[in-house]
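S.K.: Residue 210, in the working numbering, is where the sequence shown stops; the numbers in between run on with no holes.
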Amino acid sequence: NSGACAHGLPRKPGARVPTTRRKRAPSRLACAPDGAHEVRMSAGSQAVPSPSKAPRHLWVVGLLLVLWNGWGIAIAIAAQTASLPVPDPEVAAYFAGQPSWFVLFADIGPVAGVAGSVALLLQSRWAPWLFIVQLAVLLIGNSYEVLSGTSLLLTSAESRVSSAVIIVGVIGEILYARAMGRRGVLY
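As structure tokens, then:
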């Protein structure tokens, strides 16, 4: 016998399973005489399946999300530096009147979106969580402004439509990232 089973894997215990990552202690592979393979786990170890190859659409969606969320950061910077071309004095006063703590809080949203997009491209399991943070910041910020009576959502139909589009987009980001996680693409 050459020391290998019919599948080309070593018969000796102690060989690592080539298709599985491990947390903590490595598992052991044993090959039965009939060619079947058995994974023996060391005490306290946990098998983690290897990620599947990323589908092409992940790269397309990931890059589009980097651009989409990067645009959000660009708009936030333009609004905070007063370089956003604002034709309406009401909108200019809205941005000028925001407290600093709120501006910093609101900036977490697009930053979390870009981080989630990059995490998606890196096939990280953190992608859906970063998109959830983005959605939470968006909803909390809008709720605060509506309750305080300073929100453009109260006076501008255009703001309501754009906010709805952004919220639906972020929910789409979350659903897509979770679907990739369920398919084993994120690890």
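Just so it is clear, CB atoms sit at the ideal spot from N, CA and C, and this is done for glycine as well.
(1) Use the C-beta contact count for E181: other C-beta atoms within 10 angstroms, 16 or more gives buried, fewer gives exposed.
(2) W91 lies in the alpha helix (DSSP H); which residues open and close that run?
(3) On the criterion of 16 or more Cβ atoms from any shown chain inside 10 Å, does V208 qualify as buried, or is it exposed?
(4) Any idea what DSSP makes of L176, helix, strand or coil?
(5) Look up G120 in the DSSP assignment and say whether it is helix, strand or coil.
(6) Please identify the residue among A129, L88, K76 and W124 whose C-alpha is closest to the C-alpha of I197.
(7) For G93, which residues of its own chain have a beta-carbon under 7 angstroms away from its beta-carbon, when the five flanking residues on both sides are left out?
(8) Apart from the five residues on each side of it in sequence, which residues of its chain come closer than 6 angstroms, Cβ to Cβ, to W149?
(9) With DSSP collapsed to three states, give me the class of S186.
(10) Taking just the CA atoms, how far does R79 sit from L145?
(11) Here's the rule: buried if 16 or more other CB atoms are within 10 angstroms of the residue's CB, otherwise exposed. What is S171?
(12) Identify which residue in Y210, L175 and Y199 has its Cα closest to the Cα of L81.
(13) Does the beta-carbon of I100 have 16 or more other beta-carbons within 10 angstroms, so that it is buried, or is it exposed?
(14) What first and last residue would you give for the alpha helix (DSSP H) that runs through P108?
(15) Would you mind working out which of V109, F118 and L107 sits nearest P173, comparing C-alpha positions?
(16) Might you give, ordered along the chain, the residues of its own chain that have their beta carbon closer than 7 angstroms to the beta carbon of N165, omitting 5 neighbours on each side?
(17) How long is the line joining the alpha carbons of A159 and P151, rounded to whole angstroms?
(18) State the Cα-Cα distance for the pair D130 and K76, rounded to the nearest angstrom.
(19) What are the start and end residues of the alpha helix (DSSP H) that includes Q157?
(20) Rounding to the nearest angstrom, what Cα-Cα distance links V109 and R205 in this structure?
M.R.: This is what the structure holds:
(1) Here E181 is exposed. Its C-beta has fewer than 16 other C-beta atoms within 10 Å.
(2) R79 to Q103
(3) Burial state of V208 is buried, judged by a 10 Å Cβ sphere holding 16 or more other Cβ atoms.
(4) helix
(5) coil
(6) L88
(7) V137
(8) A142
(9) The answer is helix: DSSP assigns S186 an H, G or I state.
(10) 13 angstroms
(11) exposed
(12) Y199
(13) exposed
(14) P108 -> no alpha helix (DSSP H), and no H or E assigned at all.
(15) Here residue 173 is Thr; the residue named in the question, Pro, does not match the sequence. Among V109, F118 and L107, the Cα nearest to that of T173 is on F118.
(16) S174, L176 and S186
(17) 12 angstroms
(18) 33 angstroms
(19) Q157: member of the alpha helix (DSSP H) spanning A150 to S171, first to last residue.
(20) 43 angstroms
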